[in-house]
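A.B. asks: Before I ask anything, let me first share the structure, which is written out below as structure tokens.
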Amino acid sequence: MIHLKTPQEIKTMAEGGKILAEIIKKLSEAVKPGITTQELNKLAGELILFYSEKEGGKVKTAFLGYGDYPAHVCTSVNDEVVHCVPSGRELKEGDLISLDMGIRYKDFYLDSAVTVPVLGESSYDMWSKLNPKLHRLLEVTKESLGAGIKQAKIGNRIGDISCAVQSVVENNRFGVIRELVGHGIGRNLHEEPQVPNFGVVGEGVKLEEGMVIAIEPMVALGDWRLAKGADGFTYKTKDGSYAAHFEHTVAVTKAGPLILTKP
């Protein structure tokens, strides 16, 4: 069943989304060679506590304990696509790390993700020149997310979003992950409908005013097929190619798509 949100509920979710965007920005800025993914998770917990105290206890962790997941944030590195559990692993210059995180704000969930390079002495521009394929992977994944968001309009269908994402990815000769999908979101972290990153224009659930969905392209530098890790959470590319993941929570409104997880 799809749960439509009222304008006031969407406004509330946007308030929470802004907080989540600020947390992810701070986590991204903390990424550096030598930091462990568990240290990033610790920082995520501290930031949740900071904003919770600031907002009178209205900000809570979303991932910790969800389906037995043991952390606040998913920290997936290089060929790890999603859901990697933070650990003592130290990041190295040149790694890619995806930070996927959710919070609950006033009984509503928000979900967002970014992928960033681990920079040492190099600037982002220098890294981009030295690693053109990885830079292109990030840019194409972000571009595909933007293309999908543009299709989140009243009267369109889920397939319009899915096809827009897939077209951008495959036109650039990357692999769009098929085994994992976006989703509805609201009072539950995962709601209907599913939002695949591949599909056909005009197919799938029709979009209505008040629908809120998490659109999240996951893209591989090589083949899209995945293998699940021994921890029961982590998904990796089967061929070992690097992957990227970007995600926004988006509301379908009369005025068009509204990104809820931005500063």
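Position 91 (the sequence shown) corresponds to 1552 in the working numbering; numbering is contiguous.
From the three backbone atoms N, C-alpha and C, an ideal C-beta is built for every residue, glycine too.
All values derive from a computational prediction rather than experimental measurement.
#1: Given that a residue counts as buried once 16 or more other Cβ atoms are within 10 Å of its Cβ, and exposed if not, what is residue 1684?
#2: Identify, in the order they occur along the chain, each residue of the same chain with its Cβ nearer than 7 Å to the Cβ of residue 1701, setting aside the five sequence neighbours on each side.
#3: Restricting to Cα atoms, I'd like to know which of 1680, 1666, 1654 and 1502 is closest to residue 1617.
#4: How many Å lie between residue 1722 and residue 1650 at the Cα?
#5: Do three or more CB pairs link the stretch 1476–1491 to the stretch 1554–1567 at distances below 8 Å?
#6: Counting C-beta neighbours from all protein chains within 10 Å, is the total for residue 1527 16 or more, i.e. buried, or is it exposed?
#7: Could you give the DSSP three-state label for residue 1558: helix, strand or coil?
#8: What are the complete beta strand (DSSP E) segments, minimum 3 residues, inside the stretch 1673–1704?
#9: For residue 1511, does the three-state DSSP call read helix, strand or coil?
#10: Is the Cβ-Cβ distance between residue 1656 and residue 1676 less than 8 Å?
#11: Can you round the beta-carbon distance between residue 1574 and residue 1708 to whole angstroms, since I take them to be within the 8 Å contact cut?
#12: Under DSSP, the alpha helix (DSSP H) around residue 1619 begins and ends at which residues?
C.D. replies: In short, the structure shows the following:
#1: Exposed: under 16 other Cβ atoms inside 10 Å.
#2: 1540
#3: 1666
#4: 14 Å
#5: Contact between the stretch 1476–1491 and the stretch 1554–1567 is present, because at least three Cβ pairs lie under 8 Å.
#6: exposed
#7: strand
#8: 1673–1676, 1679–1681, 1687–1689 and 1696–1698
#9: helix
#10: yes
#11: The Cβ separation is near 4 Å, so the contact holds.
#12: 1619–1632
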